[in-house]
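Undergrad: Here it is, the structure, as structure tokens.
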Amino acid sequence: MIVLVRGKRFLALLLGISTMASLGPGYLSHYDSGIQRTSADKSACEPGPELSVLSLNVGRGRASIAELGSYIQREAPDVLVLLETNEAMILGLQASVSGWDYTHRTSPVIHGGSVDSVILSRAPLRQETNAVSQSARVLFDLPVARIDDPRLGSLRVVAVHPMPPTHDPVMWAHTLENLRLWHETQGDMPLIMAGDFNATHAHREFRDVSQGLSDVSPRIGPLQLPSWPADASLPAFAAIDHVLVRELLEVNSERFSVDGTDHHGIFTRLARCE
């Protein structure tokens with residue numbers, strides 16, 4: 002089976018298999034703690050107004066605009082978090098989605114490749130200082146948007162996409178550490194950190210950055226559904242895409258797929274605690 006995966010995918014598969022084989026009960030204990038936090042939150046209050054979020058790494062703008070547009074049309078998310086996007090893809094989605102009303106967004110994409118992330122919203126949005134920027138010795142900016150939702154009030158959204166650890170493990174770890182330091186200072190409103198973290202619950206760096214947050218990514222039992230690679234001969238095995246939240250409850254979450262990208266996406270419905 003391994004011979005079906007070539008090049009970097011072959012290396013990634015070997016790394017993934019060896020990592021999962023070495024985790025044992027420790028992985029489940031780390032994952033269970035996050036699920037228990039979410040369950041405790043749900044039992045402590047009743048869900049109030051809802052907000053839905055779609056997060057997808059669109060594979061350097063190569064994801065099928067028709068398929069992604071159809072999914073957006075059907076599910077009508079309130080917020081879109083697109084990683085590795087470009088302006089042509091955003092214009093294509095605008096043309097393919099009837100009644101497109103994601104008129105509030107973060108800054109225009111500059112490069113149109115793997116380093117670009119954008120947040121789009123139906124509700125008014127104000128871009129804030131990046132959670133992590135290239136000036137902090139990282140490759141990918143992590144844009145931040147304050148969204149003033151008419152039902153939930155103000156909340157903060159971060160598009161997360163650090164460099165993969167297979168390319169530069171020091172820069173990857175540095176990005177996640179800076180993100181942890183940043184979110185620990187953002188306690189004035191609900192927080193959503195969504196995107197391609199290039200990390201699973203098996204990584205200490207991810208467990209550190211997710212402290213105090215709930216991972217509402219889709220799962221089966223105690224295990225998150227893997228999101229990468231989505232376009233290989235073998236099923237996806239690495240759960241590296243996440244939606245982390247604070248002061249919000251998970252109503253439901255699902256994994257979705259579109260052609261042209263090596264990532265599955267996440268669609269989640271969230272609610273305020275009342």
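Numbering (the numbering used here), first residue to last: 2 to 275. A virtual CB, placed ideally from N, CA and C, is assigned to each residue, including glycine. Note that the structure is predicted; figures quoted are calculated from it, not measured.
Which value, in whole angstroms, describes the spacing of the CA atoms of residue 205 and residue 137?
TA: Using only the alpha carbons, I get a separation of about 21 Å.
Undergrad: Alpha carbons only, please: which of 207, 184 and 187 is nearest the one belonging to residue 166?
TA: When each option's Cα is compared against that of residue 166, the closest is 207.
Undergrad: Would you mind giving the Cβ-Cβ distance between residue 119 and residue 127, rounded to the nearest angstrom? I have them listed as a contact below 8 Å.
TA: Not a contact, Cβ separation roughly 15 Å.
Undergrad: Expressed to the nearest angstrom, what Euclidean distance is found between the alpha-carbon atoms of residue 40 and residue 187?
TA: Caution applies to residue 40, whose pLDDT of 36 falls short of 50 and renders its modelled position unreliable; the value that the coordinates give is listed next. Looking at the two C-alpha atoms, the distance is approximately 23 Å.
Undergrad: Specify, as a first and last residue, the run of the alpha helix (DSSP H) that residue 70 falls within.
TA: From DSSP, the alpha helix (DSSP H) with residue 70 extends over 66-76.
Undergrad: Measure the beta-carbon distance from residue 258 to residue 265 and round it to whole angstroms, keeping in mind my assumption that it falls under 8 Å.
TA: Contact holds; Cβ gap of about 5 Å.
Undergrad: Determine the extent of the alpha helix (DSSP H) in which residue 266 is found, giving its start and end residues.
TA: Where residue 266 is concerned, there is no enclosing alpha helix (DSSP H), although the beta strand (DSSP E) it sits in stretches over 266-274.
Undergrad: Less than 8 Å between the beta carbons of residue 51 and residue 271, yes or no?
TA: Yes, Cβ-Cβ distance for residue 51 and residue 271 is below 8 Å.
Undergrad: Residue 198 and residue 53: beta carbons closer than 8 Å?
TA: No, the Cβ-Cβ distance between residue 198 and residue 53 is not below 8 Å.
Undergrad: Suppose contacts are defined by Cβ-Cβ distances below 8 Å. Is residue 61 in contact with residue 115 by that definition?
TA: It is a contact, given that the beta carbons lie within the stated cut-off.
Undergrad: Could you tell me the distance, in whole angstroms, from the CA atom of residue 183 to the CA atom of residue 113?
TA: Straight-line Cα distance between these residues: approximately 26 Å.
Undergrad: Taking the continuous alpha helix (DSSP H) assigned at residue 88, which residues delimit it?
TA: Counting along the chain, the alpha helix (DSSP H) containing residue 88 begins and ends at 88-97.
Undergrad: Would you call residue 80 buried or exposed, if buried means 16 or more other Cβ atoms sit within 10 Å of its Cβ?
TA: Buried, by the Cβ-count rule.
Undergrad: Do you know how far the Cα of residue 176 is from the Cα of residue 164?
TA: Answer to the nearest angstrom: the Cα atoms are 8 Å apart.
Undergrad: Per DSSP, which residues does residue 252 bridge with? Please list them.
TA: Residue 252 pairs with nothing; no bridge assigned.
Undergrad: Rounded to a whole number of angstroms, what is the C-alpha to C-alpha distance between residue 168 and residue 103?
TA: Taking the straight line from one Cα to the other gives about 34 Å.
Undergrad: Could you tell me whether any non-hydrogen atom of the ligand SAM is closer than 7 Å to the CB of residue 47?
TA: This structure simply doesn't include the ligand SAM, nor any ligand for that matter.
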